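As given, the protein sequences belong to chains A and B, one line each in that order. Sequential numbering of the first sequence, starting at 374, is according to the numbering used here. Sequential numbering of the second sequence, starting at 46, is according to the numbering used here. The beta carbon of each residue, even a glycine, is placed where N, CA and C say it ideally should be. Fair warning: this is a prediction, and the values are worked out from it, not measured in the lab. Here the structure is laid out as structure tokens; the discussion comes afterwards.
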Amino acid sequence: MIAQSQLYGLMAEWDNPDDLLYAAQQASTEGFRHMDAYTPFPVEGLPEAVGCRPTRLPFLVLCGGLFGGVGGFFMQYYANVHAYPLNVGGRPFNSWPAFVPITFELTILCAALTAVFGMLIANGLPMPYHPVFNAPHFERASRNRFFLCIEATDPHFDRSKTRQFLENLRPQSVSEVPC
Amino acid sequence: MQGDRIQPIAPIEPVLKPGHTYASISDKISDIVVKRKTTLGWFLGFGIAFSLTMVLFASITYLFIKGVGIWGVDIPVAWGFAIINFVWWIGIGHAGTLISAFLLLMRQDWRTSINRFAEAMTLFAVACAGLFPILHLGRPWLFYWLIPYPNTMGLWPQFRSPLDWDFFAVSTYATVSLLFWYIGLIPDVASLRDRTEKRLPRLIFGIMALGWRGSAQHWHRFQMAYLLMAGLATPLVVSVHSIVSIDFAAAIIPGWHSTIFPPYFVIGAIFSGFAMVLTLAIPLRRFFGLQDFVTLRHINIMAKLLLLMGLGVSYGYLMELFMAWYSGDQFETYVSLNRLTGPYWPIFAGVIACNVLAPQLLWFPRVRTNTLALFGVALIVNVGMWLERFMIVVTSLHRDFLPSSWGMYRPTFWDWSTFLGTLGLFFTLFFLFVRVLPMIPMFEMRELLTHREGHTREEQQKLAVEPEGSVA
Chain A
374 MIAQSQLYGL MAEWDNPDDL LYAAQQASTE GFRHMDAYTP FPVEGLPEAV GCRPTRLPFL
434 VLCGGLFGGV GGFFMQYYAN VHAYPLNVGG RPFNSWPAFV PITFELTILC AALTAVFGML
494 IANGLPMPYH PVFNAPHFER ASRNRFFLCI EATDPHFDRS KTRQFLENLR PQSVSEVPC
Chain B
46 MQGDRIQPIA PIEPVLKPGH TYASISDKIS DIVVKRKTTL GWFLGFGIAF SLTMVLFASI
106 TYLFIKGVGI WGVDIPVAWG FAIINFVWWI GIGHAGTLIS AFLLLMRQDW RTSINRFAEA
166 MTLFAVACAG LFPILHLGRP WLFYWLIPYP NTMGLWPQFR SPLDWDFFAV STYATVSLLF
226 WYIGLIPDVA SLRDRTEKRL PRLIFGIMAL GWRGSAQHWH RFQMAYLLMA GLATPLVVSV
286 HSIVSIDFAA AIIPGWHSTI FPPYFVIGAI FSGFAMVLTL AIPLRRFFGL QDFVTLRHIN
346 IMAKLLLLMG LGVSYGYLME LFMAWYSGDQ FETYVSLNRL TGPYWPIFAG VIACNVLAPQ
406 LLWFPRVRTN TLALFGVALI VNVGMWLERF MIVVTSLHRD FLPSSWGMYR PTFWDWSTFL
466 GTLGLFFTLF FLFVRVLPMI PMFEMRELLT HREGHTREEQ QKLAVEPEGS VA
């Protein structure tokens with residue numbers, strides 16, 4: 374028996390995504406807010422059911438792309454017009470058509486870096502330790518099992534009542550997850 | 046001629062053989078890495094590839110000691126094997142990005158089982174390609190002058206030069222391909238971390254997985270990032286080979302100075318890349334017993350795409366000849382005539398035979414679904430596309446405007462050893478990849494199973510599939 378203060382949450386396990394999705398929706402209706410689901414692949418509708426906010430990633434990537442594009446063009450403009458103007462046969466210093474390829478490449482590069490590192494940072498990765506790894510059978514969350522964890526920090530969380538609630542959703546098992 | 050032989054053509058062949066469950070998919074793919082004993086064949090293949098890599102290192106060392114004089118390059122043909130190989134390798138890479146990014150946006154679910162190793166192919170091909178522009182510099186140790194950085198000389202790179210565009214394009218491409226490949230790997234190395242029993246691999250996979258735990262919130266952002274990366278990689282791949290082609294087209298050399306070059310190069314790149322994907326996929330599915338995941342349906346679709354791209358490339362050749370005649374330009378006309386009848390005519394004949402004629406076999410469904418015949422066609426196309434780059438680089442340069450400056454180009458031993466050495470490097474990396482990482486994305490296959498089967502319970506899958514299984 375784990376002490377109340379040592380408890381991270383209650384973890385229930387199903388063998389298919391539909392039952393998990395149903396359970397997550399039920400838990401949401403029941404009023405639980407501090408919960409998360411763990412699945413071997415993305416399950417449609419699950420993020421909404423466990424109360425994920427819509428991600429701001431597309432907006433960040435747009436900003437990253439704009440930064441790359443504007444910055445890339447400015448770099449070439451600055452180099453050719455201010456830092457080192459070089460007269461090549463009387464052609465304009467700001468020869469913008471010749472700047473397009475590098476501007477484009479830097480737009481993509483900065484947007485892609487924002488997408489990947491934005492995703493990792495928002496997800497809090499890398500994270501070497503997390504309590505859910507203590508749950509029994511959790512190694513199957515990356516294989517063929519579907520988990521729902523109701524966390525002890527939830528205001529509605531009650532050790533026995535929440536366990537009863539999860540048991541009623543006919544999971545394969547319910548277990549306590551220590552911190 | 047029993048029904049069995051003619052039947053297995055496109056529509057009935059599924060993208061995933063029936064009878065699989067989430068567990069069986071995961072186990073089958075991850076067992077290759079974590080359970081399967083390293084076979085003698087693997088050691089043999091790896092040994093050959095690794096020896097060739099050593100040849101590459103020896104060639105590079107000798108090159109750095111003696112300089113580019115050890116190659117056959119001279120004036121007028123100052124761009125020899127280095128540029129031919131650069132364009133060939135980077136072109137091969139493009140099919141990998143196309144499969145993983147463009148087909149994802151198009152929701153082509155057959156891409157799922159081939160995208161991981163196609164992306165790995167991209168990365169390794171770009172690594173081989175990236176060597177050549179540096180090797181062919183007179184002073185390779187100063188290659189970093191292409192990077193804009195604050196320097197004591199107070200100088201900037203020439204941003205108006207296609208060579209600098211090339212640097213930005215290739216380095217962006219390498220970076221984006223690596224990131225795209227890596228984020229796709231995160232959930233899969235997490236599976237390996239959870240499946241392997243040995244301590245050291247567990248630790249290494251654990252570090253690579255970054256603590257991935259499959260949280261719904263994480264998947265949500267992951268999918269968004271993956272989709273955005275696909276959206277970014279698709280225009281990128283077109284831009285990269287367009288820029289490579291502009292290395293040629295921006296010059297005033299007859300045979301290069303042409304507006305058809307960007308699309309012609311992009312299509313050629315995808316053509317050679319699909320040929321390389323098939324060259325890798327056909328032996329892989331056989332040696333690792335992956336016929337359930339890479340089915341004849343995949344092979345058939347890729348063969349059709351190969352044919353389509355082959356027709357695109359043929360159109361490019363036709364247009365080059367037509368424009369040479371239609372322009373009325375003496376030098377353009379001569380380049381075309383010289384390609385057809387000059388000293389390098391066997392190269393042109395080889396290009397037509399390999400890239401125009403050989404793919405026509407793919408009109409026949411029996412060739413498309415006969416893996417041995419298809420493997421042969423794919424190899425021929427690989428050779429043909431290399432010959433095409435030889436034709437473009439060498440025949441345009443060796444006889445330009447002034448007959449007094451005409452010359453011939455003959456590759457030397459070191460040209461060949463460097464080229465074969467990069468083949469070794471490519472296959473060494475590929476052998477390592479199939480041994481230590483999952484070559485098919487497991488999480489996407491599990492998702493595919495949910496979407497395809499319509500019923501998700503494992504018991505139901507087993508039940509629904511039993512009668513079909515006995516027929517097949």
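Query, Result
"Proximity test, Cβ basis, 8 Å: residue 61/B and chain A", "no"
"Near-chain A residues of the region 218-244 of chain B (beta-carbon distance less than 9 Å), N- to C-terminal order", "218, 220, 221, 224, 225, 227, 228, 231, 232, 233, 235, 236, 237, 238, 239 and 240"
"Buried versus exposed call for residue 394/B [16 or more other C-beta atoms within 10 Å across all chains shown]", "exposed"
"C-alpha gap between residue 132/B and residue 440/B, whole angstroms", "16 Å"
"6 Å Cβ shell around residue 529/A - same chain, five flanking residues per side excluded", "404 and 405"
"Neighbourhood of residue 160/B by C-beta, 7 Å cutoff - its chain only, sequence neighbours within 5 removed", "144, 145 and 486"
"Cβ of residue 399/A within 8 Å of any chain B Cβ", "no"
"DSSP state of residue 423/A mapped onto helix, strand, coil", "coil"
"Inter-residue Cα distance where the pair is residue 242/B and residue 74/B", "16 Å"
"Proximal chain A residues relative to residue 205/B, where beta-carbon distance stays under 7 Å", "468 and 471"
"Secondary structure, alpha helix (DSSP H): runs of 4+ residues fully inside the region 133-183 of chain B", "157-180"
"Chain B contact for residue 317/A (CB, 8 Å cutoff)", "Residue numbering for chain A in the displayed model covers 374 to 552; residue 317/A lies beyond these limits and cannot be assessed."
"Selected residue, minimal CA-CA separation from residue 327/B, among 292/B, 414/B and 191/B", "414/B"
"CB contact flag (residue 436/B, residue 162/B, <8 Å)", "no"
"Cross-chain neighbours of residue 386/A in chain B, by beta carbon under 9 Å", "The premise fails here: residue 386/A is roughly 13 Å from chain B at the closest Cβ pair, so nothing lies under 9 Å."
"Integer Cβ distance of residue 125/B from residue 460/B, believed to fall under 8 Å", "6 Å"
"Unbroken beta strand (DSSP E) run spanning residue 547/A, endpoints", "546-551"
"Beta-carbon proximity check, residue 548/A vs residue 236/B, cutoff 8 Å", "no"
"Chain A within 8 Å of residue 302/B, Cβ atoms only", "no"
"For residue 467/A and residue 453/A, the rounded distance between their alpha carbons", "7 Å"
"Runs of alpha helix (DSSP H) wholly within the region 346-412 of chain B (minimum 4 residues, chain order)", "375-386 and 390-396"
"Proximal residues of chain B, C-beta to C-beta of residue 503/A below 7 Å", "256 and 258"
"Where the beta strand (DSSP E) containing residue 446/B begins and where it ends", "No beta strand (DSSP E) contains residue 446/B, which DSSP labels as neither H nor E."
"is_contact[residue 465/A, chain B] using C-beta, thresh 8 Å", "no"
"Selection of the region 417-444 of chain A by Cβ proximity to chain B, strictly under 7 Å", "419, 420, 423, 425, 428, 430, 431 and 434"
"Partners in chain B for residue 499/A, counting only beta-carbon separations shorter than 7 Å", "255 and 256"
"Assigned exposure category for residue 502/A - 16 Cβ within 10 Å defines buried", "exposed"
"Burial state of residue 449/A, where buried means 16 or more other Cβ atoms lie within 10 Å", "buried"
"Neighbour list for residue 477/A in chain B, Cβ cutoff strictly below 7 Å", "284"
"Inside the region 398-454 of chain A only - beta strand (DSSP E) runs reaching at least 3 residues", "408-411"
"Buried versus exposed, by CB contacts within 10 Å (16 or more), residue 567/A", "Here chain A has residues from 374 to 552 only, and residue 567/A is not among them."
"Chain-ordered neighbours of residue 543/A on chain B, where CB pairs are closer than 8 Å", "Correct list: empty, because the minimum Cβ distance to chain B is about 13 Å."
"Rounded separation between residue 191/B and residue 375/B - CA only", "36 Å"
"Contacts of residue 193/B in chain A (Cβ-Cβ under 8 Å)", "448 and 452"
"Contacts of residue 377/B in chain A (Cβ-Cβ under 9 Å)", "Chain A residues near residue 377/B: none, gap ~24 Å exceeds 9 Å."
"Residue range of the alpha helix (DSSP H) that includes residue 384/A", "Run containing residue 384/A: none in the alpha helix (DSSP H); it sits in the beta strand (DSSP E), 380-387."
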